[in-house]
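Q: Residue numbers for the sequence shown follow this note's numbering, beginning at 10 and rising by one.
Just so it is clear, CB atoms sit at the ideal spot from N, CA and C, and this is done for glycine as well.
No experiment lies behind these values; they were computed from the predicted model shown.
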Amino acid sequence: MALSAESQKHLKLLHILLASTWLSSALTLTLLLACALPRAGAADRHGILLAAKFIDDWIIIPSAMGLLATSIVYSAATNWGWFRHGWIAAKWIVIVYGILFGTFFLGPRLNSLPPIAQGLDLAAAPPAPYAANLAFVRGWGAFQFATLIAAYAFSVYKFRFRRKAK
């Protein structure tokens, strides 16, 4: 099945919008957790974490799934193919890694934070699970944001991942 030129333009627009939504939401989460959360009082801390969970559940997850769907259509219905170019393969790795790592590692840890933060006493040391999960989400969330930036770079610069001829 091949898409018409007009359909490819619509697909490209949707693909770019979904990628931009995922990227900007990942940036928002990174900034919320790194900049806003440390300065927040108890009630604000709980609200910030609820907002982060909302962004993950209602913006990042749907945009990542939509991006995966448009990527599949792009690969199956256009001349770009699945692995025709190294940069396409690299983007597939980033998308699949982002979805799997977010689903099984980042998401559950982020989801654990709001209930713990609700009763958190800011004068006392935070409970170990809260501190560990927050550190994990901050660090690996920032790394995942960086991988999304890399996917944009792959699209723009179309790096060649070929071995040099001897």
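Which word fits Asp53, buried or exposed, when buried means at least 16 other C-beta atoms lie within 10 angstroms of its C-beta?
A: Exposed.
Q: Could you pull the start and end residues of the alpha helix (DSSP H) that Gly75 belongs to?
A: Its alpha helix (DSSP H) spans residues Ile70 to Ala86.
Q: Cutting at 6 Å between CB atoms, please list the residues of its own chain near Ala99, excluding the five before and the five after it.
A: For Ala99, where only same-chain residues beyond five positions count, the Cβ hits under 6 Å are Phe163.
Q: Taking DSSP as the reference, what is the three-state secondary structure of Pro124?
A: The answer is helix: DSSP assigns Pro124 an H, G or I state.
Q: Would Leu131 be called buried (16 or more neighbouring beta carbons within 10 Å of its own) or exposed?
A: When all chains shown are included, Leu131 counts as exposed.
Q: In whole angstroms, give me the CA-to-CA distance for Arg169 and Phe92.
A: Rounded to the nearest angstrom, the two C-alpha atoms are 12 Å apart.
Q: Below 8 Å CB to CB, which residues in the same chain sit around Thr110 once its five sequence neighbours on both sides are set aside?
A: Looking at the sequence provided, one finds Phe at residue 110 rather than Thr. Cβ neighbours of Phe110 beyond the five flanking positions: Trp149 and Gln153.
Q: Which residues in the same chain have their Cβ closer than 8 Å to the Cβ of Gly50, if we skip the five residues on either side of it in sequence?
A: So the list reads Leu131, once near-sequence residues are dropped.
Q: Would you be able to state if there are at least three C-beta pairs under 8 Å between the region 20-40 and the region 67-85?
A: Output reads yes: the region 20-40 touches the region 67-85.
Q: Going by the beta-carbon positions, is the gap between Gly75 and Ser84 smaller than 8 Å?
A: Not a contact, by the Cβ cut-off of 8 Å.
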